[in-house]
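Undergrad:
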Amino acid sequence: MTRTRPLLLVCVLLVLAGCLGGVGESPSSPTSSATPPATPTPTPTPTPTSTATISADDAGERAIEAEQSRIERRLSEYEAVGGLGFGILRPAESEVVERNESGVVVRVSVGYSLELDCDGDGTPDESLDGTSTETTYVVSESGVRLTGVSRDVLDPSGYC
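Here's what the structure looks like:
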């Protein structure tokens, strides 16, 4: 009997240790199965796009200036063009059609008139008044980009 007592004592201690959560906690223990309270994930606030700082007037002016420069570059290719004027019979117009992550989308109509010196003697032989272009630009903080041409610069070579 002296030999069974220590063995019985070891068995009782092992059973009690498992039931009371001694060596490792059991899955039924409330501390191990409880999930921590959920922390709400903050919704990211959208960063303001650069278009928020560009007014419709500023976007329109920048798009009109870009279109006037484009017209000047295109017409400088023709030797017969003697004079170029903007807005004489048709003023420039702009309309903001959209704001997106790329910038402010602006539709532009730029009126221009030009004089043609067809024979090269220094005096205008022909004039084209009130013609216009229709284009679309994207205006952003970093620049102005042409995205579409509905009505392009008139080819003056057909008038001489």
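Just so we're aligned: the sequence shown equals residues 1 to 160 in the UniProt record's numbering.
In this text, a Cβ means the ideal position worked out from N, Cα and C, and glycines have one as well.
By the DSSP assignment, the alpha helix (DSSP H) with R70 in it spans what residues?
TA: Taking the first residue of the sequence shown as 1, we reach residue 70 at position 70. Segment A56 to L75, the alpha helix (DSSP H) holding R70.
Undergrad: Going straight from the alpha carbon of V153 to that of R74, what length do you get?
TA: Position 153 of the sequence shown, counting from 1, holds the residue named residue 153. Position 74 of the sequence shown, counting from 1, holds the residue named residue 74. Taking the straight line joining both Cα atoms gives about 7 Å.
Undergrad: Count the other CB atoms within 10 Å of the CB of S26; is the residue buried (16 or more) or exposed (fewer)?
TA: Locating residue 26 in the sequence shown gives position 26, counting from the first residue. Its pLDDT being 48, under 50, S26 is placed unreliably in this model, and the value from its coordinates should be taken loosely. By the 10 Å Cβ count, S26 comes out exposed.
Undergrad: Can you give me the Cβ contacts of Q68 inside the same chain, cut-off strictly under 7 Å, excluding the 5 residues immediately before and after it?
TA: In the sequence shown, the residue the question calls residue 68 occupies position 68. The residues are F86 and V110.
Undergrad: Which value, in whole angstroms, describes the spacing of the CA atoms of A56 and G83?
TA: Numbered from 1 along the sequence shown, position 56 holds the residue referred to as residue 56. Numbered from 1 along the sequence shown, position 83 holds the residue referred to as residue 83. Cα to Cα, the separation comes out at about 31 Å.
Undergrad: T135 and residue 213 - do their beta-carbons sit closer together than 8 Å?
TA: Nothing in the structure corresponds to residue 213, since the chain is present only between 1 and 160.
Undergrad: Looking only at DSSP bridge pairs, what is G83 linked to?
TA: Locating residue 83 in the sequence shown gives position 83, where the first residue counts as 1. For G83, which the question treats as bridged, DSSP gives the partners E115.
Undergrad: Tell me whether Y137 sits in a helix, a strand or coil according to DSSP, three-state version.
TA: Residue numbering aside, residue 137 sits at position 137 when the sequence shown is read from its first letter. Strand.
Undergrad: Measure the alpha-carbon distance for S102 versus A63 and round it to whole angstroms.
TA: Residue mapping note: residue 102 aligns to position 102 of the sequence shown, counting from 1. Residue mapping note: residue 63 aligns to position 63 of the sequence shown, counting from 1. When rounded, the distance between both Cα atoms is 15 Å.
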